[in-house]
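Asks: Just so we're aligned, residue 51 is where the sequence shown starts under the numbering used here, counting upward by one.
No residue lacks a Cβ here, since even glycine has one placed at the ideal position from N, Cα and C.
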Amino acid sequence: MRFSDIIGHEKLKQQLIKLSNEGRVSHAVLFCEEPGYGALALALAFAQYNSCPHKKGEDSCGTCPTCNKFRKMIHPDLHFAVPVSATKKITADKKPVTDMFIDEWRRVVSANPEISEQEWYDTIGIDNKQGIIGVNEAGQILKKLNFRAFEGGDKYMIIWLPERMNQEAANKLLKLIEEPPAGTYIFMVTQAPERIITTILSRCQIVRVMPIEQEILARHLEEESGLSAEDALLWSKISSGSLSRAREMISSDIEAGEDHEILIKLLDACSSKDMTRVIQVWERLATFNREKQKDFCYYTLEFLRELYITSLGLNEIANIPLHRRDVVATWVKKIKPAFYQKSYDVMNNALKDIERNVNSKYIFADVSNRFFLSL
Ligand SMILES: [Zn+2]
Numbered sequence: 051m052r053f054s055d056i057i058g059h060e061k062l063k064q065q066l067i068k069l070s071n072e073g074r075v076s077h078a079v080l081f082c083e084e085p086g087y088g089a090l091a092l093a094l095a096f097a098q099y100n101s102c103p104h105k106k107g108e109d110s111c112g113t114c115p116t117c118n119k120f121r122k123m124i125h126p127d128l129h130f131a132v133p134v135s136a137t138k139k140i141t142a143d144k145k146p147v148t149d150m151f152i153d154e155w156r157r158v159v160s161a162n163p164e165i166s167e168q169e170w171y172d173t174i175g176i177d178n179k180q181g182i183i184g185v186n187e188a189g190q191i192l193k194k195l196n197f198r199a200f201e202g203g204d205k206y207m208i209i210w211l212p213e214r215m216n217q218e219a220a221n222k223l224l225k226l227i228e229e230p231p232a233g234t235y236i237f238m239v240t241q242a243p244e245r246i247i248t249t250i251l252s253r254c255q256i257v258r259v260m261p262i263e264q265e266i267l268a269r270h271l272e273e274e275s276g277l278s279a280e281d282a283l284l285w286s287k288i289s290s291g292s293l294s295r296a297r298e299m300i301s302s303d304i305e306a307g308e309d310h311e312i313l314i315k316l317l318d319a320c321s322s323k324d325m326t327r328v329i330q331v332w333e334r335l336a337t338f339n340r341e342k343q344k345d346f347c348y349y350t351l352e353f354l355r356e357l358y359i360t361s362l363g364l365n366e367i368a369n370i371p372l373h374r375r376d377v378v379a380t381w382v383k384k385i386k387p388a389f390y391q392k393s394y395d396v397m398n399n400a401l402k403d404i405e406r407n408v409n410s411k412y413i414f415a416d417v418s419n420r421f422f423l424s425l
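1) Could you spell out where the beta strand (DSSP E) holding Ala131 opens and where it closes?
2) Tell me whether Ala78 sits in a helix, a strand or coil according to DSSP, three-state version.
3) Tyr87 bridges to which residues according to DSSP?
4) Go ahead and pull the three-state DSSP assignment for Met215.
5) DSSP has Met299 in a bridge; who is on the other side?
6) Going by C-alpha to C-alpha distance, which of Pro230, Thr249 and Ala415 sits closest to Cys320?
7) Drop a sphere of 10 angstroms on the beta-carbon of Tyr99, count the other beta-carbons inside from all chains shown, and report buried for 16 or more, exposed for fewer.
8) Sorted by chain position, which residues of the same chain lie with C-beta nearer than 6 Å to Arg156's C-beta, five sequence neighbours on each side aside?
9) Can the beta-carbon of Ala219 be found closer than 8 Å to that of Ala188?
10) Sorry if obvious, but does the Cβ on Asn54 come closer than 7 Å to a heavy atom of ligand 1?
11) Can you determine whether any heavy atom of ligand 1 sits closer than 7 Å to the C-beta of Ser112, and answer yes or no?
12) Under three-state DSSP, which class holds Met207?
13) Which runs of the alpha helix (DSSP H) fall wholly inside the region 222-258 and span at least 4 residues, in chain order?
14) Exposed or buried, which one is Asp403 when buried takes at least 16 other CB atoms within 10 Å?
15) Which residue's Cα is closest to the Cα of Thr148: Leu92, Arg198, Met207 and His104?
16) Please tell me whether Ile191 and Ala131 are closer than 8 Å, where the distance is taken between their beta carbons.
17) Return the chain-ordered list of same chain residues with a C-beta closer than 8 Å to the C-beta of Leu313, the five sequence neighbours on each side being excluded.
18) Are there any heavy atoms of ligand 1 lying less than 7 Å away from the beta-carbon of His104, as far as the coordinates show?
19) What do you get for Met397, buried or exposed, if any count of 16 or more other CB atoms within 10 angstroms of its CB means buried?
20) Consider the C-beta atom of Thr249 and the heavy atoms of ligand 1; say whether any pair is separated by less than 7 Å.
21) What does DSSP give as the partner residue(s) for Val134 in the beta ladder?
22) For ligand 1, any of its heavy atoms closer than 7 Å to the Cβ of Thr116?
23) Would you please state the rounded distance, in angstroms, between the beta carbons of Pro103 and Thr116? I believe it to be under 8 Å.
24) Measuring straight from C-alpha to C-alpha, what distance separates Lys63 and Phe53?
25) Could you tell me whether the Cβ atoms of Pro163 and Met51 are closer together than 8 Å?
26) Roughly how many angstroms separate the alpha carbons of Gln168 and Trp332, rounded to a whole number?
27) How about Asp127 and Lys193: are their beta carbons less than 8 Å apart?
28) For a quick check, are the C-beta atoms of Ser294 and Pro261 less than 8 Å apart?
29) When the Cβ atoms of the region 226-241 are set against those of the region 64-83, are three or more pairs found closer than 8 Å?
30) To the nearest whole angstrom, what separates the beta carbons of Ile370 and Val378, a pair I think is in contact under 8 Å?
31) Using only the alpha-carbon positions, how far apart do Ile367 and Arg375 sit?
32) Taking DSSP as the reference, what is the three-state secondary structure of His104?
33) Distance check for Trp170 and Lys145, CA to CA, integer angstroms please.
34) From what residue to what residue does the alpha helix (DSSP H) around Lys63 run?
35) Measure the beta-carbon distance from Arg214 to Gly175 and round it to whole angstroms, keeping in mind my assumption that it falls under 8 Å.
Written out as structure tokens, the structure is:
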């Protein structure tokens, strides 16, 4: 990972480069971020920059053997500790540690350094459990950092989500973090610094990773997802500078295409008092599985929000993607103000009924009837 591979954060990159060039890199650095800002990528690029023997002042060279091994995350002096748990393959009695999942880790992080905690758990298949960095992992960390470096340079230990470290592991690592062996760097990447014990926190140099700059993120989304400049800026704005959140929002907007089509059909049938078409719509909704039914309800709530905010003349903060603005403008004119509160309650009640396993036909017949009467 080179600094130039990372979107935004130009100022922070310059600060890290300066620290490295002046030989002032602390032996324990804690990168703090919100998910999707890119802190793991920054930690990796920082380690690579420090290690590259041919760095050019503003970045690692990217082509020397050291850089190549860092890029593939296979450098023998680059270690990882990340939250894990027992899986079907690696059962609890095998005492799961990061090394047992290292191939998966390298694969997913190379493809997506903004990986979320849940995506990681899904990758290794720990189902609904939460991973931890436990005492066995702490033992491995100590062992690895006390070896001499394989390639004679410095050693790096990247600890991803140290907030998942349990007390026992933290106690075991305290002394190491306070006084790491010579030529050893521990870079931690946290999304919840308030959950890290203070004795560890106080021994680290803190690097605050800020949201990705709005315009830069927008430009990236425009290229990556083929969006219009205007939509890209909108997603950049409402994702609050998080690349992973923006990607999630864009893909759920694309997935909402079918929900949008059904909702418009329902609104249209209700307002033209065409009961036959209304029945067709709710019969179709009743065939969906529960998750899809909930998605439809959430999409309807979001569309109602967009209509309502627009009806108040607050288009600036309505945050409506470009492709939906015409249809919103059309429906705002047709809807009476009282409809918003009523339909909002109807959809929230439908969500509760879906949770309670009420018969789907009944739920959506009721939703449709209430829309029919109030539109
Ligand atoms: Zn290099």
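Replies: So, from the data block:
1) Against the sequence shown, residue 131 aligns to sequence position 81. Note, Ala131: beta strand (DSSP E), Leu128 to Ala131.
2) By 1-based counting over the sequence shown, the position of residue 78 is 28. Looking at Ala78 - three-state DSSP - the assignment turns out to be strand.
3) Counting from 1 along the sequence shown, the entry for residue 87 is found at position 37. Answer is none; Tyr87 lacks a bridge partner.
4) The residue you call residue 215 lines up with position 165 of the sequence shown. Strand, per DSSP.
5) Here residue 299 refers to the residue found at position 249 when the sequence shown is read from its first residue. DSSP lists no partner for Met299.
6) Taking the first residue of the sequence shown as 1, we reach residue 320 at position 270. Of the listed residues, the one whose Cα sits closest to Cys320 is Ala415.
7) Residue mapping note: residue 99 aligns to position 49 of the sequence shown, counting from 1. By the 10 Å Cβ count, Tyr99 comes out buried.
8) Position 106 of the sequence shown, counted from the start, is the residue given in the question as residue 156. For Arg156, where only same-chain residues beyond five positions count, the Cβ hits under 6 Å are Met123.
9) Here residue 219 is taken as the residue at index 169 of the sequence shown, counted from 1. Here residue 188 is taken as the residue at index 138 of the sequence shown, counted from 1. Yes, the pair counts as a contact, with Cβ atoms nearer than the cut-off.
10) Counted from its first residue, the sequence shown places residue 54 at position 4. Note on identity: in this sequence residue 54 is Ser, with Asn being the wrong assignment. Checking every heavy atom of ligand 1 against the Cβ of Ser54, none is found closer than 7 Å.
11) Mapped onto the sequence shown, residue 112 falls at position 62. Ser is not the amino acid found at residue 112; the sequence shown has Gly there. Yes, Cβ of Gly112 sits closer than 7 Å to a heavy atom of ligand 1.
12) Residue mapping note: residue 207 aligns to position 157 of the sequence shown, counting from 1. Three-state DSSP puts Met207 in a strand.
13) 248-251
14) As a first step, residue 403 must be located in the sequence shown, where it is residue number 353. Buried is the call here.
15) Indexing the sequence shown from 1 puts residue 148 at position 98. Checking every option, the nearest Cα to that of Thr148 belongs to Met207.
16) By one-based count along the sequence shown, residue 191 stands at place 141. By one-based count along the sequence shown, residue 131 stands at place 81. In this structure, Ala131 lies closer than 8 Å to Ile191 by Cβ.
17) To locate residue 313, count along the sequence shown from 1; it is residue 263. Here the set comprises Phe346, Tyr349, Thr350 and Phe353.
18) Here residue 104 corresponds to residue number 54 of the sequence shown, with the count starting at 1. Checking the Cβ of His104 against ligand 1 gives yes.
19) Position 347 of the sequence shown, counted from the start, is the residue given in the question as residue 397. Met397 should be labelled buried.
20) Mapped onto the sequence shown, residue 249 falls at position 199. Checking the Cβ of Thr249 against ligand 1 gives no.
21) Counting from one through the sequence shown, the residue named residue 134 turns up at place 84. Paired residues: Ile182.
22) Along the sequence shown, one-based indexing puts residue 116 at 66. Result yes, Cβ under 7 Å from ligand 1.
23) Stepping through the sequence shown from its first residue, residue 103 is reached at position 53. Stepping through the sequence shown from its first residue, residue 116 is reached at position 66. Their Cβ separation, rounded to whole angstroms, is 6 Å, which keeps Pro103 and Thr116 in contact under 8 Å.
24) Translated into the one-based positions of the sequence shown, residue 63 becomes position 13. Translated into the one-based positions of the sequence shown, residue 53 becomes position 3. Using only the alpha carbons, I get a separation of about 7 Å.
25) As a position in the sequence shown, residue 163 is number 113, starting the count at 1. As a position in the sequence shown, residue 51 is number 1, starting the count at 1. Yes, Cβ-Cβ distance for Pro163 and Met51 is below 8 Å.
26) Position 118 of the sequence shown, counted from the first residue, corresponds to residue 168. Position 282 of the sequence shown, counted from the first residue, corresponds to residue 332. Taking the straight line joining both Cα atoms gives about 34 Å.
27) Residue 127 sits at position 77 when you count from the first residue of the sequence shown. Residue 193 sits at position 143 when you count from the first residue of the sequence shown. Result no, Cβ atoms of Asp127 and Lys193 do not sit closer than 8 Å.
28) As a first step, residue 294 must be located in the sequence shown, where it is residue number 244. As a first step, residue 261 must be located in the sequence shown, where it is residue number 211. Contact flag unset, no.
29) yes
30) Your numbering for residue 370 matches position 320 in the sequence shown. Your numbering for residue 378 matches position 328 in the sequence shown. Indeed they touch by this definition, with Cβ atoms about 6 Å apart.
31) One-based indexing of the sequence shown puts residue 367 at position 317. One-based indexing of the sequence shown puts residue 375 at position 325. One C-alpha to the other measures close to 13 Å.
32) In the sequence shown, residue 104 corresponds to position 54, counting from 1. DSSP places His104 in coil when its eight states are reduced to three.
33) Along the sequence shown, one-based indexing puts residue 145 at 95. Along the sequence shown, one-based indexing puts residue 170 at 120. Taking the straight line joining both Cα atoms gives about 18 Å.
34) The residue you call residue 63 lines up with position 13 of the sequence shown. Residues Glu60 to Asn71.
35) Taking the first residue of the sequence shown as position 1, residue 214 is located at position 164. Taking the first residue of the sequence shown as position 1, residue 175 is located at position 125. That pair is no contact at about 17 Å.
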